[in-house]
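**Q** This structure is in structure tokens; I'll ask about it shortly.
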Amino acid sequence: MTSGFVSGRVAIVTGGARGIGAATARRLAADGFAVAVLDLTEDDSRDTVQAIETAGGRALAVGADVGDTEQVQAAVDRIAAELGPPVVLVNNAGVTRDNLLFKMTDADWDLVMHVHLRGSFLMTRAAQKYMIEAQWGRIVNLSSTSALGLRGQANYAAAKAGLQGFTKTLAIELGKFGVTANAIAAGFIVTDMTKATAARIGENWETYVAARAAAIPVARAGQAEDIAHTVSFLVSEGAGFISGQVIYVAGGPRA
Ligand SMILES: NC(=O)c1ccc[n+]([C@@H]2O[C@H](COP(=O)([O-])OP(=O)(O)OC[C@H]3O[C@@H](n4cnc5c(N)ncnc54)[C@H](O)[C@@H]3O)[C@@H](O)[C@H]2O)c1
41 MTSGFVSGRV
51 AIVTGGARGI
61 GAATARRLAA
71 DGFAVAVLDL
81 TEDDSRDTVQ
91 AIETAGGRAL
101 AVGADVGDTE
111 QVQAAVDRIA
121 AELGPPVVLV
131 NNAGVTRDNL
141 LFKMTDADWD
151 LVMHVHLRGS
161 FLMTRAAQKY
171 MIEAQWGRIV
181 NLSSTSALGL
191 RGQANYAAAK
201 AGLQGFTKTL
211 AIELGKFGVT
221 ANAIAAGFIV
231 TDMTKATAAR
241 IGENWETYVA
251 ARAAAIPVAR
261 AGQAEDIAHT
271 VSFLVSEGAG
281 FISGQVIYVA
291 GGPRA
């Protein structure tokens, strides 16, 4: 799958232990990037790193909470020292704490903001220095079709909509340094996150996937590789004139 259009550049994928982050880390490694696979603990990231190394790529397992300033700074410093200066950042780490508004706790609200918004802010602030030094960089933030509003997701929808404003501002501030920033509004993707949603609402997984797929114009559920493919494109050399955009990868216009 190696496309040969980049080589040796360093990419960071947050939440890279599983799901969309793991597929993205594997894809960027196949594209020729050295990939820092960052997740809550170094141990969490090991399977993804091993898969990349087995396929002949270069990767580093890094443990950090993306919402913790000191852990983020230490992680980015270590990546720069051990893999090289990071010039691609995929802010993918995420959590859901769904509930109807009247039942949503302060902790449900705060954790979702901590991971998605504070996490993307801290990671980007730490990594942009290397992109500006290189006068080249690519930032991709994982948003969601939920940014348009979804019952039970006041916290998550607000965070994912917030990420879109964050992305557009990054595009404006960093463009003159050769850095682009884009957001992917992912639709329904089969991962542990959506499996947990089905379990929470008490639906059988297969029935849930079939029902969601029936409402998607391309008539199937999304796979993590669908998002990885889009990230691969957005971070490629040729995508340098695309910035500040929200790309829907949802099997249809919005859901
Ligand atoms: N699955 C979907 O349908 C879907 C749709 C739209 C957007 N998204 C977004 O895509 C991203 C990946 O989702 P996924 O479905 O692969 O989820 P997932 O739950 O399978 O994986 C998320 C990863 O993020 C890590 N993570 C959580 N909090 C963290 C923190 N504080 N610091 C570091 N890592 C942390 C987790 O440990 C996990 O490995 C998320 O931002 C999610 O909101 C997913």
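Under the working numbering, the first residue of the sequence shown carries the number 41, and numbering increases by one thereafter. The beta-carbon is built from N, C-alpha and C at its ideal position, and this holds for glycine as well.
On the DSSP letters alone, give me the boundaries of the beta strand (DSSP E) that residue 103 sits inside.
**A** Looking up residue 103 in the sequence shown gives position 63. Residue 103 -> beta strand (DSSP E) spans 99-103.
**Q** Using a threshold of 7 Å, is the CB atom of residue 195 nearer than that to any non-hydrogen atom of ligand 1?
**A** Within the sequence shown, numbered from 1, the residue matching residue 195 stands at position 155. No; taking the cut-off as 7 Å, the Cβ of residue 195 has no heavy atom of ligand 1 nearer than that.
**Q** Looking at residue 228 and ligand 1, is the gap between the Cβ and the nearest heavy atom below 7 Å?
**A** In the sequence shown, counting from the first residue as 1, residue 228 sits at position 188. For ligand 1, at least one heavy atom lies less than 7 Å from the Cβ of residue 228.
**Q** For the segment 159-170 against the segment 98-113, do three or more pairs of beta-carbon atoms, one drawn from each stretch, fall closer than 8 Å, so that the two count as touching?
**A** Touching, per the Cβ criterion.
**Q** Considering only residues of the same chain and omitting the five flanking positions on each side of residue 270, which have a CB-CB separation below 7 Å?
**A** Translated into the one-based positions of the sequence shown, residue 270 becomes position 230. Correct list, in chain order: 224, 287, 289.
**Q** Where does residue 299 sit, in a helix, a strand or coil, going by DSSP?
**A** Since the first residue of the chain shown is 41 and the last is 295, residue 299 is not available in this structure.
**Q** Beta carbon of residue 58: closer than 7 Å to some heavy atom of ligand 1?
**A** The residue you call residue 58 lines up with position 18 of the sequence shown. Checking every heavy atom of ligand 1 against the Cβ of residue 58, one is found closer than 7 Å.
**Q** Taking the C-alpha atoms as reference points, what is the distance between residue 143 and residue 128?
**A** On the sequence shown, residue 143 is found 103 positions in, with the first residue counted as 1. On the sequence shown, residue 128 is found 88 positions in, with the first residue counted as 1. The alpha-carbon atoms of residue 143 and residue 128 are separated by roughly 38 Å.
**Q** Is DSSP giving residue 58 helix, strand or coil here?
**A** In the sequence shown, counting from the first residue as 1, residue 58 sits at position 18. Correct three-state label for residue 58: coil.
**Q** For the alpha helix (DSSP H) containing residue 225, name the first residue and the last one.
**A** Position 185 of the sequence shown, counting from 1, holds the residue named residue 225. Taken as a continuous stretch (DSSP letters only), residue 225 belongs to no alpha helix (DSSP H), being part of the beta strand (DSSP E) at 219-226.
**Q** Decide yes or no for the touch test of the segment 49-68 against the segment 126-141: beta carbon pairs closer than 8 Å, at least 3 of them.
**A** These segments touch.
**Q** Restricting to Cα atoms, I'd like to know which of 58, 56, 69 is closest to residue 272.
**A** As a working note, residue 272 is residue 232 in the sequence shown. Nearest C-alpha to residue 272: 69.
**Q** Using the rule of at least 16 other Cβ atoms within 10 Å of the residue's Cβ for burial, across every protein chain shown, is residue 191 buried or exposed?
**A** The sequence position of residue 191 within the sequence shown is 151, counting from 1. That one is exposed.
**Q** Pair every Cβ in the segment 221-238 with every Cβ in the segment 249-256, then say whether three or more of these pairs are closer than 8 Å.
**A** Counting Cβ pairs under 8 Å, three or more are found: they touch.
**Q** Using a threshold of 7 Å, is the CB atom of residue 222 nearer than that to any non-hydrogen atom of ligand 1?
**A** To locate residue 222, count along the sequence shown from 1; it is residue 182. No - ligand 1 has no heavy atom lying nearer than 7 Å to the Cβ of residue 222.
**Q** Compute the distance between the beta-carbons of residue 134 and residue 116, then report whether it is under 8 Å.
**A** The count along the sequence shown starts at 1 and reaches residue 134 at position 94. The count along the sequence shown starts at 1 and reaches residue 116 at position 76. For residue 134 and residue 116, no; Cβs fall outside 8 Å.
**Q** Is residue 239 helix, strand or coil by DSSP?
**A** The residue given as residue 239 occupies position 199 in the sequence shown. Correct three-state label for residue 239: helix.
**Q** Determine the direct distance from the alpha carbon of residue 176 to that of residue 279, and round the result to whole angstroms.
**A** As a first step, residue 279 is located in the sequence shown; it is residue number 239 there, counting from the start. As a first step, residue 176 is located in the sequence shown; it is residue number 136 there, counting from the start. Going from the Cα of residue 279 to the Cα of residue 176 covers about 12 Å.
**Q** For residue 92, which residues from the same chain have a beta carbon less than 8 Å from its beta carbon, with the 5 sequence-adjacent residues on both sides left out?
**A** Here residue 92 refers to the residue found at position 52 of the sequence shown. Closer than 8 Å at Cβ, skipping near neighbours: 65, 66, 69, 75, 77, 98, 99.
**Q** What's the call for residue 147, buried or exposed, on a 16-neighbour Cβ count within 10 Å?
**A** Residue numbering aside, residue 147 sits at position 107 when the sequence shown is read from its first letter. When all chains shown are included, residue 147 counts as exposed.
**Q** In the DSSP assignment, find the unbroken beta strand (DSSP E) run with residue 127 in it and report its ends.
**A** Looking up residue 127 in the sequence shown gives position 87. Per DSSP, residue 127 belongs to the beta strand (DSSP E) from 126-131.
**Q** Using the rule of at least 16 other Cβ atoms within 10 Å of the residue's Cβ for burial, across every protein chain shown, is residue 59 buried or exposed?
**A** Within the sequence shown, the letter at position 19 stands for residue 59. Per the 10 Å Cβ criterion, buried.
**Q** Go through its chain and collect everything with a Cβ distance to residue 315's Cβ below 6 Å, but skip five positions before and after it.
**A** Beyond the ends of the chain as shown, which are 41 and 295, falls residue 315; an answer cannot be given.
**Q** Relative to the C-alpha of residue 219, which residue among 199, 183, 243, 174 is closest?
**A** As a working mapping, residue 219 is identified with position 179 in the sequence shown. Here the closest residue by C-alpha is 174.
**Q** Pick helix, strand or coil for residue 212, following the three-state DSSP scheme.
**A** Sequence index remark: in the sequence shown, residue 212 carries index 172 (1-based). Helix, per DSSP.
**Q** Taking the alpha carbon of residue 250 as the point to measure from, which residue in 198, 261, 169 has its own alpha carbon closest?
**A** Working through the sequence shown from its first residue, we reach residue 250 at position 210. Among 198, 261, 169, the Cα nearest to that of residue 250 is on 261.
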